[in-house]
Structure formats: C-alpha cells, structure tokens
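Enquirer: I have a structure I would like to understand better, so I am pasting it below and will then ask my questions one at a time.
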C-alpha cells in the first residue's frame, strides 16, 4: 500500500453551508509532508471514486453534515460504509456513501477514512456559509492538522 494520505473537501458551494468542505480545503496551509495530497472535489463524486482506485493509506473527508448537533459544531468520526450501498454515481453530485459503493463496484479497496464534519445551519440555494459554519472553518483547519498528525504517526509505526 502506498503511503499517500488524501484530504478531500466535498460539498456544493451553491448550497450555503454545504460549501464547508471546499472552504476548509481552501484555507489549509500547504502540508510539509509530501505524502499528503489535498483536493477540493466539490460535487465531483465520480472523480473522488476514481482517485480512490489508486490505493492510499488514508482518506480524510471534510464535509457539511446534518443532524449532528448545533450549527457550526465540528464532529470527527470514522464512517462505517455499508457493503449493501448501491453504486449510483452522479457526475454532478457528492454523496460519500455512493462514492464508497462506487469504489467497491470498480474493484477498489476503501482506505482508512476519517470524516471531519460541520453541522449545517442552512443548505438553501445561496453562496456563502452561515455565520456559525463560517466561524467553524478555522477550528476545522486545526482538526485536519490533528487528524493528519495522528494518521501520519500511525503510518510510521506500521
């Protein structure tokens, strides 16, 4: 397995707080470890699925999430992709479960995955993050740094 760690910002910037992932990626400073690759996938789920066919040690998804607390609350968790997810990929949409199913359907293996999510306030059609979600961006940047430190330390121990 390769030592690469992929950091993927996902979300639709035209749906308010759904643009959280791309905004966090935009604010990330360059990482000193050349094994870390940071990409703003936006709504290009198929692109992410195809990129995951090139094995990597870990994936960090940065995304807006519903129903996990107060708007602007950051949550870090390990998703449990279902083997029964059906691969219904849409070239112009981003659904992590469909991406995971698409990777499996294409014969790929899912890497260790960590999600850094932010509870949305609104995903109405508009550009720009709500105040609580915009305020969470800097905390998410710090969370990405902590998660990468942990993943890279684990990689070195293996």
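Numbering (my numbering), first residue to last: 9 to 166.
Backbone N, C-alpha and C define an ideal beta-carbon position, used for all residues, glycine too.
These numbers come from a predicted model, not from an experiment.
Which residues in the same chain as residue 147 place their Cβ atom closer than 7 Å to its Cβ, once the five residues preceding and following it in sequence are excluded?
Expert: Result list for residue 147: 82, in chain order.
Enquirer: Per the DSSP calculation, residue 162 is bridged to which residue(s)?
Expert: Residue 162 is not bridged to any residue.
Enquirer: Which one of 85, 22, 15 has the shortest CA to CA distance from residue 132?
Expert: It is 22 whose Cα lies nearest to the Cα of residue 132.
Enquirer: So, do the stretch 100-116 and the stretch 72-81 have three or more beta carbon pairs nearer to each other than 8 Å?
Expert: No, because fewer than three Cβ pairs between the stretch 100-116 and the stretch 72-81 fall closer than 8 Å, the two stretches do not touch.
Enquirer: Give me the residue from 120, 39, 54 with the minimum Cα distance to residue 18.
Expert: Checked all of 120, 39, 54; the closest Cα to residue 18 is 54.
Enquirer: So for residue 120, helix, strand or coil by DSSP?
Expert: Of the three classes helix, strand and coil, the one that applies to residue 120 here is strand, per DSSP.
Enquirer: Indicate the three-state DSSP secondary structure (helix, strand or coil) for residue 146 in the structure shown.
Expert: Residue state, collapsed to three classes: helix.
Enquirer: Under three-state DSSP, which class holds residue 33?
Expert: Helix, per DSSP.
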